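Residue numbers (our numbering): 1053 to 1170. Backbone N, C-alpha and C fix where the C-beta goes; we use that ideal spot for every residue, glycine too. Because the structure is a prediction, the values reported are computed rather than measured. Before any comments, here is the structure.
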């Protein structure tokens, strides 16, 4: 993979990491402020339901953050873009769509086929 591609992926991943971290900080701040604003039990229940939804989203983002960190480590050690299973290069187009992917298309399809059989 060319250096300019690697730098582009690094920039994209770092930007996504910053976006996720910023949103999580905002969520914590908002939840702390809102907890005292709803003395009515119905309003408070609605707020808590919304908080649960937001926390689920943040949990998914936390998992994505781990994948982003892993991808950045792979860029640093020179293994970015190699399939975890077969070792072949993952296509640049696939990486542009999902830069945290660790499998080539063939191995990912094989993995998903195995999961659907179980």
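Residues that residue 1134 bridges to, as DSSP identifies them: Secondary-structure assignment with DSSP links residue 1134 through a beta bridge to 1141.
Status (buried if at least 16 other CB within 10 Å, exposed otherwise) for residue 1156: So residue 1156 counts as buried.
Secondary structure of residue 1108, DSSP reduced to three states: Residue 1108: helix per DSSP, three-state reduction.
Any 3 or more C-beta pairs closer than 8 Å across the segment 1119 to 1132 and the segment 1091 to 1106: At 8 Å Cβ cutoff, the stretches do not touch.
Cβ pair count under 8 Å reaching 3, the segment 1064 to 1079 against the segment 1095 to 1115: Yes: at least three Cβ pairs fall under 8 Å.
Cα-Cα separation, residue 1167 to residue 1106: It is roughly 28 Å from the alpha-carbon of residue 1167 to the alpha-carbon of residue 1106.
Reduced DSSP secondary structure (H/G/I, E/B, other) of residue 1092: DSSP places residue 1092 in coil when its eight states are reduced to three.
Residue 1142 burial status per 10 Å Cβ neighbour count (16 or more: buried): Its Cβ being crowded by 16 or more others within 10 Å, residue 1142 is buried.
Other residues of its chain near residue 1062: CB distance less than 8 Å, five sequence neighbours each side excluded: Closer than 8 Å at the Cβ level, and outside the excluded window around residue 1062, lie 1124 and 1127.
C-alpha distance - residue 1132 paired with residue 1147, whole-angstrom precision: Rounded to whole angstroms, the gap between the alpha carbons of residue 1132 and residue 1147 is 10 Å.
Sub-8 Å separation of residue 1151 and residue 1065 beta-carbons: It is a contact, given that the beta carbons lie within the stated cut-off.
For residue 1081, the nearest candidate out of 1070, 1060, 1103 and 1096 (CA to CA): Among 1070, 1060, 1103 and 1096, the Cα nearest to that of residue 1081 is on 1103.
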